[in-house]
Amino acid sequence: MKYKKNDIIKIAIDSPAAAGAGTLAKSISKHYNLFYLDTGKIYRFIAHLKLKSKNNFSVSFLKKKIRDLRMIDLKNKKLLSDEVGIEASIISKNKKIRNLVHAFQVNYAYNPPKKYNGSCLDGRDITYKIIPDAEFKFFITANIKTRANRRFKELKKIKKNITFNEVLKSMKKRDKSDYSRKLSPLKKTKDSVLINTTNLSKRACFLKIKKIIDKRLNN
Ligand code: C5P
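Residue numbers (our numbering): 7 to 225.
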């Protein structure tokens, strides 16, 4: 696969929660100068809005609130909570909400800001719905206890009294919902490379993916 100067590289990643996809996507994006979009954050933002606005929430309310998704603050720390994560897995089953988010993701994937060499998106349906023709596709996973433990350590920083079992329970619930929903379920496509991060360091995961990308870029 030879790249012409004007080609953009598109990397699509799907993964269950806390498998390490975000960390990997960031380091890969930095290395290849790609625009990175954590699509889970968009669903989390909408979930947070719903929790805040309670009975006022509807798709038309949402449309007014997020006229331009580029303006939303995806760095808001409140988006990280488990409560928001669970709500995100509920609202992300809504077709109208997914359609709203879809166009935004596709636009960034295919038209990243000019200073980048391409784009890298991670989520649940990126490899088969958002960037089906991505040059590189990965499915990143790890065993449930490892993922719950990683998320537990993160959440402990923002919520002192949270327990490992609570995190494990809610992660199982979210996995079940993400894998079994009818609309855009989480799945590994045949053309995605499986990376299991259970026993790999962040550096080892990065090098594994880099090797795959470099090999194909230089062929
Ligand atoms: O990736 P993260 O754990 O932040 O995603 C929160 C939730 O948003 C997921 O559990 C999933 O239900 C939903 N999501 C989705 N499609 C994406 C990204 C996230 O349905 N592309």
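All C-beta atoms in this analysis are idealised placements derived from N, C-alpha and C, irrespective of residue type, glycine included. Every value quoted in this text rests on a predicted model; they were computed, and no experiment measured them.
{"Query": "Spatial distance of I17 from M177 (CA atoms)", "Result": "26 Å"}
{"Query": "Pair within 8 Å by beta-carbon distance, R104 and L189", "Result": "yes"}
{"Query": "Helix, strand or coil at K11 [DSSP, three-state]", "Result": "Residue placement at K11 is flagged as unreliable, the pLDDT there being 49, under the threshold of 50; the coordinate-derived value follows with that caveat. Coil at K11, not helix or strand."}
{"Query": "Exposure label - S186; buried when at least 16 CB within 10 Å", "Result": "exposed"}
{"Query": "The segment 39 to 46 in contact with the segment 128 to 138 per 3-pair CB rule at 8 Å", "Result": "yes"}
{"Query": "heavy atom of the ligand C5P below 7 Å from K47 C-beta", "Result": "yes"}
{"Query": "Contact check, C126 vs I34, beta carbons under 8 Å", "Result": "yes"}
{"Query": "Complete alpha helix (DSSP H) runs within the segment 124 to 194 (minimum length 4 residues, chain order)", "Result": "150 to 164 and 170 to 186"}
{"Query": "Same chain only: Cβ atoms within 7 Å of A53, ignoring 5 sequence neighbours per side", "Result": "V90, E93, A94 and I97"}
{"Query": "Beta carbon proximity, Y49 to chain C, threshold 8 Å", "Result": "This model lacks chain C altogether; it includes just one protein chain."}
{"Query": "Collapsed DSSP secondary structure at Y42 in the structure displayed", "Result": "strand"}
{"Query": "Continuous alpha helix (DSSP H) stretch holding L106: start and end", "Result": "K101 to Y116"}
{"Query": "G26 and I146 closer than 8 Å at C-beta", "Result": "yes"}
{"Query": "Three-state secondary structure (DSSP) of D232", "Result": "What the structure shows of the chain is the stretch from 7 to 225, and residue 232 is not part of that stretch, so it cannot be assessed."}
{"Query": "C-beta contact flag for T204 and A148 at 8 Å", "Result": "yes"}
{"Query": "Residues near K11 in its chain [Cβ-Cβ closer than 8 Å; skip 5 each side]", "Result": "In this prediction, K11 scores a pLDDT of 49, lower than 50, which makes its location untrustworthy; no coordinate-derived value is stated."}
{"Query": "Secondary structure of A18, DSSP reduced to three states", "Result": "strand"}
{"Query": "Bounding residues of the beta strand (DSSP E) (the contiguous stretch that carries I72)", "Result": "Unbroken run through I72: none, as it is neither H nor E."}
{"Query": "Contact under 8 Å by Cβ, N61 with N123", "Result": "no"}
{"Query": "Buried or exposed (CB count within 10 angstroms, at least 16 for buried), N82", "Result": "exposed"}
{"Query": "L223 to K165 span [Cα, whole Å]", "Result": "43 Å"}
{"Query": "For L200, the first and last residue of its enclosing beta strand (DSSP E)", "Result": "V199 to N202"}
{"Query": "Candidates R180, K163, D181 and F158, of which the one nearest F170 by Cα", "Result": "F158"}
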